[in-house]
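Enquirer: To start, I am sharing the structure in question, which I have written as structure tokens.
Numbering (our numbering), first residue to last: 4 to 470.
Quick look at the structure:
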């Protein structure tokens, strides 16, 4: 029998400290296609290579920690989403990861771009993104952000509050222009994900609720404003979602607004954005739906709900980010210490401390997110043992990979690769403990290109006026 410990299930007595979803691999060197980029493989000598470039060579050349982005994998996923959802519009969610080169990849593959800050907008524009293909998000956009977007001519501003409607109207009046807007609504859907990344329940910061009429009031305000062009409604139910169940309820409630709007104005609403949040596999037990499965499911949902309300199907858009860039990225770390820790019940766990940590991937500490890992510089004939990859920071919660089976002979100097690190690792990276942020390099057909150089101590210290 398992007894719950007061500090949580991780401290309960159990047959094994490994989580129930983690299986002992027959081969600790195997790379599961479910979690690795399409160009990742073992060489004949057992070393990991990505897109024809050896991981150890990248680590020697650029140092560690290091993010490696598989360009062909990114591009193929972007094309797959665009094709699966055609003729719907696909916006790449830049918050997952954005650089000038990535913005150009997005445009070249026929996707639009979603930004949610002045920094992301400025980067996109300087990278040459057509402003008409940019959507602006954010629950508290400043006047400066809105002005920059309006002056650039962004294709749509997703308004999140009555205050923001007023703010956009004022800027449009001052600039003597009209701004295309969508109203962000919350549909009351409880997505099965972490509380911090569930975004459609009513008691949270985003959007205007369909319950009580707040969303419809916002739509009417935009519709009657001489300075705003109301495009439609935007809904987003959360992140790391594996199926379409939650979208069914969200679409129904959003389209009910369309019907109410038609009844009030006699006009048809033009566009519905169902947001993003499509999940990826971080560990082998994850089973996200494919782009094709999601496209079919979402089309059926929209068509069914439109028939129910007697509506013509609107234009529809979606916003995948993680689903495109997440699997394309791999993080590389160097092992600095190894400890074998007695965890009770006759069980041990190997702790591998690496030269990165929560400053370059906050998700495990913030969300309890799970990741996979592999020794990247060699193959091993040692049996797999339960291991934990931890970082250098002065926090007990500084864990990169909570549970993984790695070779028992993992040692100082080994290179550890963490797949599915393309989304939110670099974009959420910090300077905690005055740690410079790692570089990002792209690999393609044996060639390497730097997307973001490594931040230096001088870069950070240059901000300190006391020096």
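From the three backbone atoms N, C-alpha and C, an ideal C-beta is built for every residue, glycine too.
Computed from a predicted structure; not experimentally measured.
Quick one: what's got a C-beta closer than 7 Å to residue 460's C-beta in the same chain, skipping five residues either side?
Expert: On the chain shown, residue 460 is found 457 positions in, with the first residue counted as 1. Contacts found: 439.
Enquirer: Looking at residue 428 and residue 364, is the spacing between their C-beta atoms short of 8 Å?
Expert: One-based indexing of the chain shown puts residue 364 at position 361. One-based indexing of the chain shown puts residue 428 at position 425. Closer than 8 Å, so yes.
Enquirer: Tell me the rounded alpha-carbon separation between residue 491 and residue 452.
Expert: Nothing can be reported for residue 491, as the shown portion of the chain is limited to 4 through 470.
Enquirer: DSSP puts residue 237 in a beta bridge; with which residues?
Expert: The residue given as residue 237 occupies position 234 in the chain shown. Bridge partners of residue 237: 187, 276.
Enquirer: Based on the DSSP output, what are the partners of residue 115 in its beta bridges?
Expert: The count along the chain shown starts at 1 and reaches residue 115 at position 112. The partner list for residue 115 (beta bridge, DSSP) reads 94.
Enquirer: Looking only at C-alpha atoms, which of 299, 39, 126, 164 sits nearest to residue 54?
Expert: The residue given as residue 54 occupies position 51 in the chain shown. Of the listed residues, the one whose Cα sits closest to residue 54 is 39.
Enquirer: If you measure from the CB of residue 390, is any heavy atom of the ligand ADP nearer than 7 Å?
Expert: As presented, the structure is devoid of all ligands, the ligand ADP included, so that no description of it is given.
Enquirer: With a CB to CB cut of under 6 Å and the five nearest residues on each side skipped, what residues in its chain are close to residue 356?
Expert: Position 353 of the chain shown, counted from the first residue, corresponds to residue 356. For residue 356, where only same-chain residues beyond five positions count, the Cβ hits under 6 Å are 339, 340, 393.
Enquirer: Taking the straight line between their C-alpha atoms, what separation do you get for residue 159 and residue 232?
Expert: Counted from its first residue, the chain shown places residue 159 at position 156. Counted from its first residue, the chain shown places residue 232 at position 229. If I take the Cα positions, the gap works out to 9 Å.
Enquirer: Among 174, 218, 275, which has the Cα closest to the Cα of residue 229?
Expert: Here the question's residue 229 lines up with position 226 in the chain shown. Per the Cα distances, 174.
Enquirer: Report all residues from its chain with a CB closer than 6 Å to the CB of residue 322; omit the five preceding and five following residues, and keep chain order.
Expert: Counted from its first residue, the chain shown places residue 322 at position 319. 94, 96, 117, 278, 279, listed in sequence order.
Enquirer: Alpha carbons only, please: which of 285, 22, 318, 220 is nearest the one belonging to residue 254?
Expert: For the purposes of this step, residue 254 is identified with residue 251 of the chain shown, where counting begins at 1. When each option's Cα is compared against that of residue 254, the closest is 318.
Enquirer: Can you tell me where the alpha helix (DSSP H) holding residue 222 begins and where it ends?
Expert: As a working note, residue 222 is residue 219 in the chain shown. 217–227 is the span of the alpha helix (DSSP H), which, as asked, contains residue 222.
Enquirer: What are the partner residues of residue 359, as DSSP defines its beta bridges?
Expert: Here the question's residue 359 lines up with position 356 in the chain shown. DSSP, once it has assigned bridges, lists no residue as partnering residue 359.
Enquirer: Could you tell me the alpha carbon to alpha carbon distance between residue 168 and residue 284, rounded to whole angstroms?
Expert: Residue 168 sits at position 165 when you count from the first residue of the chain shown. Residue 284 sits at position 281 when you count from the first residue of the chain shown. Each residue's alpha carbon lies about 38 Å from the other.
Enquirer: Can the beta-carbon of residue 237 be found less than 8 Å from the beta-carbon of residue 188?
Expert: Within the chain shown, residue 237 is the residue found at index 234, counting from 1. Within the chain shown, residue 188 is the residue found at index 185, counting from 1. Result yes, Cβ atoms of residue 237 and residue 188 sit closer than 8 Å.
Enquirer: Taking DSSP's pairing of strands, which residues face residue 337 in a bridge?
Expert: For the purposes of this step, residue 337 is identified with residue 334 of the chain shown, where counting begins at 1. Looking at the DSSP assignment, residue 337 forms a beta bridge with 418.
Enquirer: Taking only the alpha-carbon atoms, compute the straight-line gap between residue 464 and residue 268 and give it to the nearest angstrom.
Expert: Indexing the chain shown from 1 puts residue 464 at position 461. Indexing the chain shown from 1 puts residue 268 at position 265. Roughly 57 Å separates the two Cα atoms.
Enquirer: Using C-beta distances below 7 Å, list every residue in its chain close to residue 250, excluding the 5 sequence neighbours before and after it, in chain order.
Expert: Along the chain shown, read from residue 1 onward, the residue named residue 250 stands at position 247. Cβ within range, chain order: 240, 277, 301, 304.
Enquirer: Go through its chain and collect everything with a Cβ distance to residue 223's Cβ below 7 Å, but skip five positions before and after it.
Expert: The sequence position of residue 223 within the chain shown is 220, counting from 1. Closer than 7 Å at the Cβ level, and outside the excluded window around residue 223, lie 267.
Enquirer: Going by other Cβ atoms of all chains shown within 10 Å of its Cβ, with 16 needed for buried, is residue 380 buried or exposed?
Expert: On the chain shown, residue 380 is found 377 positions in, with the first residue counted as 1. By the 10 Å Cβ count, residue 380 comes out buried.
Enquirer: What did DSSP end up calling residue 104 once you bin it into helix, strand or coil?
Expert: Walking along the chain shown from the start, residue 104 turns up at place 101. Reduced to three states, the DSSP call for residue 104 is helix.
Enquirer: Looking only at its chain, what residues have a beta carbon closer than 6 Å to the beta carbon of residue 1, apart from the 5 residues adjacent to it on each side?
Expert: No answer is possible for residue 1: the residues shown for the chain start at 4 and end at 470.
Enquirer: Which word fits residue 208, buried or exposed, when buried means at least 16 other C-beta atoms lie within 10 angstroms of its C-beta?
Expert: Looking up residue 208 in the chain shown gives position 205. Exposed is the call here.
Enquirer: What does the alpha-carbon distance come out to for the pair residue 352 and residue 406?
Expert: By 1-based counting over the chain shown, the position of residue 352 is 349. By 1-based counting over the chain shown, the position of residue 406 is 403. So the alpha carbons of these two residues sit roughly 9 Å apart.
Enquirer: Grab me the residues of residue 417's own chain with a C-beta within less than 7 Å of its C-beta, minus the 5 sequence neighbours each way, in chain order.
Expert: Locating residue 417 in the chain shown gives position 414, counting from the first residue. Answer for residue 417: 338, 378, 380, listed in chain order.
Enquirer: Buried or exposed for residue 448, going by 16 or more other Cβ atoms inside 10 Å?
Expert: Locating residue 448 in the chain shown gives position 445, counting from the first residue. Its Cβ having fewer than 16 others within 10 Å, residue 448 is exposed.
Enquirer: Buried or exposed for residue 84, going by 16 or more other Cβ atoms inside 10 Å?
Expert: For the purposes of this step, residue 84 is taken as the residue at position 81 of the chain shown. Buried, since its Cβ has 16 or more Cβ neighbours within 10 Å.
Enquirer: Comparing C-alpha positions only, which one of 29, 45, 165, 362 sits nearest to residue 400?
Expert: For the purposes of this step, residue 400 is identified with residue 397 of the chain shown, where counting begins at 1. Nearest of 29, 45, 165, 362 to residue 400, Cα basis: 362.
Enquirer: Measuring alpha carbon to alpha carbon, tell me which of 129, 152, 272, 105 ends up nearest residue 258.
Expert: Position 255 of the chain shown holds residue 258. If we check each option's Cα against that of residue 258, 272 comes out closest.
Enquirer: Can you tell me which of the three DSSP states residue 398 falls into?
Expert: By one-based count along the chain shown, residue 398 stands at place 395. Residue 398: coil per DSSP, three-state reduction.
Enquirer: Which runs of the beta strand (DSSP E), 3 residues or longer, sit entirely within the segment 291–337?
Expert: 318–321
Enquirer: When the Cα of residue 330 is compared with those of 156, 51, 71, 260, which residue comes out closest?
Expert: On the chain shown, position 327 is the one that residue 330 refers to. Minimum Cα distance to residue 330 is reached at 71.
Enquirer: Judging by CA-CA distance, which residue of 286, 282, 288 is the nearest neighbour of residue 296?
Expert: For this step, residue 296 is matched to residue 293 along the chain shown. Of the listed residues, the one whose Cα sits closest to residue 296 is 282.
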